[in-house]
Amino acid sequence: MKALKEFTIPFVGLKEGGHNFEFDINNTFFNTFEYEEFNKADVKINLKLIKKATLLELYFSASGYVNVNCDLTNEPYNQQIEDEFKLVVKFGSEYNDDNEDILIIPHGEYEINVAQYIYELIVLAVPVKRVHPGIEDGTLQSDILSKLEELSPNEDKKTKSSEDIDPRWNNLKKLLTDK
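Each position in the sequence shown, counted from 1, maps to that position plus 756 in the numbering used here.
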């Protein structure tokens, strides 16, 4: 966890008011969390810390991209990331992070590590179903896409004429109408 020291903010020496921090996130960051879903990452995190007498307010803003594989074609593409998160840090008798928007830290603490919150912000900003933008606009040409197109059910096959119906079924239909 030594690599995450740069995400530790010592707030005890800061004056009351707003303070800005910027972090550049790449694959090295995700390797420390052993998260290997991203081929490449380039995300900028802007963190605005507002120090008040009894609490801290942290406003995270993420923008950039992560390179992921498409769920349909397995083609890599850059997924844009734009997301925000607000965290309130209060002081109490013991550490408590049960609430996702409120963190309670002991009274004697003098710093906070925001790496876990940055990690969660970026991972949760990626859509659950990752679809290459070239699929939606029809510009992506891939062997997998052509095979999917080939195997997809065709509308022409669904509409059968009366000639294609097995004649034995016609005899059974007569039983219904011969009452």
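Glycine is no exception: its CB is placed at the ideal position from the N, C-alpha and C atoms.
- CA-to-CA, the gap between residue 763 and residue 836 works out to about 23 Å.
- Classified as buried, residue 888 has 16 or more neighbouring CB atoms from the shown chains inside 10 Å of its CB.
- A residue is called buried when at least 16 other Cβ atoms come within 10 angstroms of its Cβ; residue 794 meets this threshold and is buried.
- By the C-beta density criterion, residue 921 is exposed, having fewer than 16 other C-beta atoms within 10 angstroms.
- If you compare the alpha carbons of 833, 789, 778 and 830 with that of residue 815, the shortest gap goes to 778.
- A direct Cα-Cα distance of roughly 15 Å separates residue 875 from residue 868.
- Each of 786, 840 and 865 was checked against the Cα of residue 857, and the nearest Cα belongs to 840.
- Measuring C-alpha to C-alpha distances from residue 800 to each of 844, 829, 772 and 838 identifies 838 as the nearest.
- One Cα belongs to residue 760, the other to residue 829, and the distance between them is close to 34 Å.
- In the DSSP annotation of this structure, the continuous segment of the beta strand (DSSP E) that includes residue 801 starts and ends at 796-807.
- Rounded to whole angstroms, the separation of the alpha carbons of residue 812 and residue 804 is 10 Å.
- Under DSSP, residue 814 shares a beta bridge with 805 and 843.
- For residue 782, the three-state secondary structure derived from DSSP is coil.
- Contact check for residue 768 and residue 866: beta-carbon distance about 4 Å, within the 8 Å limit, so the pair qualifies.
- For residue 881, the closest alpha carbon among the candidates 908, 824 and 853 is that of 824.
- Here the alpha carbons of residue 802 and residue 782 stand approximately 15 Å from one another.
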